[in-house]
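Take 1 as the starting number for the sequence shown in UniProt numbering and just add one per residue.
Here a beta-carbon is modelled for each residue, glycine too, at the ideal position from N, C-alpha and C.
From a predicted model like this one, the values you see are computed outputs, not experimental measurements.
What follows is a set of notes on a single structure, which appears directly below.
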Amino acid sequence: MVFSGVYPTDGSDFEALNSAIERLICNDASVSVTKESSTTLGLGFRCGFLGLLHMDVFHQRLEQEHGAHVISTVPTVPYTFEFSDGSKLQVQNPAALPSNPKNKITCWEPTVLATIIIPSEYVGPVITLCSDHRGEQLEYTFIDSLRVFLKYRLPLREIVVDFYNGLKSITSGYASFDYEEAESLSLTLPLPLPP
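In structure tokens, the structure reads:
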């Protein structure tokens, strides 16, 4: 899932936005919604979507069907934090992390297995793009003399914002891109975290 904060452009429109979201989720049960508060944006909602397209369609429906004008935060993905005492906490918003955590944290980052088929002339730039997005190459195969099959493990966070657009731009629209959920990878974080 991809999470994004949704806030009314005018704080006094919170109840109208609440009503509009309630009506929309009656038709789209795949959206998860919880109320949240931001010191900068005020009262709003943390919404979970099936992907970026789903999020865009939901925002368009809010505006077109209900006249709601919203501010959306950058999409995020859920991370699971495991503390040295064995307790776990799933976080969609970094502000939800405890300000005074235990001695050691293991962070579980969601990843995907991505398959990319491209014309062979774009191999170098696509490998660079995947590396820049913290990708781990798992497979590199020539399908024929003109096409290449690449398989990468990529952090979900790296592909939810601009990866697909970058891939299409680099390959002049000739890339085929698909992904499926994979196991989460652990990142060990020493505490206190450096500033």
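Counting only unbroken stretches of 3 or more residues, the beta strand (DSSP E) elements lying wholly within the stretch 131-170 are 136-142 and 147-155, in sequence order. For Gln90, the enclosing beta strand (DSSP E) covers residues Lys88 to Val91. The beta carbon of Ile25 sits closer than 8 Å to those of Val31 and Val33, all from its chain and outside the five residues before and after it, given in chain order. Under DSSP, Tyr174 takes part in no beta bridge, so it has no partner. For Tyr79, the closest alpha carbon among the candidates Ile116, Leu129, Val70 and Pro110 is that of Pro110. Separation of Leu43 and Val91 (C-alpha to C-alpha, rounded to the nearest whole angstrom) is 19 Å. Gly48 is bridged by DSSP to Phe3 and Ser32. Pairing Ala114 with Glu136, the inter-Cα distance amounts to about 10 Å. Membership of Ser72 in the beta strand (DSSP E) is indicated by the continuous run Val70 to Ser72.
Residue environment: Leu146 is assigned as exposed (fewer than 16 neighbouring CB atoms within 10 Å of its CB, all protein chains considered). Rounded to the nearest angstrom, the gap between the Cα atoms of Ala68 and Leu41 is 16 Å.
In this structure, Thr106 lies away from Ser184, with their beta-carbon atoms at least 7 Å apart. A distance below 7 Å separates the beta carbons of Val2 and Pro75.
Among the bridge pairs identified by DSSP, Phe14 is matched with none.
Contact between Leu167 and Val112 does not hold, since the beta-carbon distance rounds to 14 Å and is not under 8 Å. Ranked by Cα distance from Tyr140, the options Ile127, Arg134 and Arg61 are led by Ile127.
If you draw a straight line from the Cα of Lys151 to the Cα of Leu138, it is about 5 Å long.
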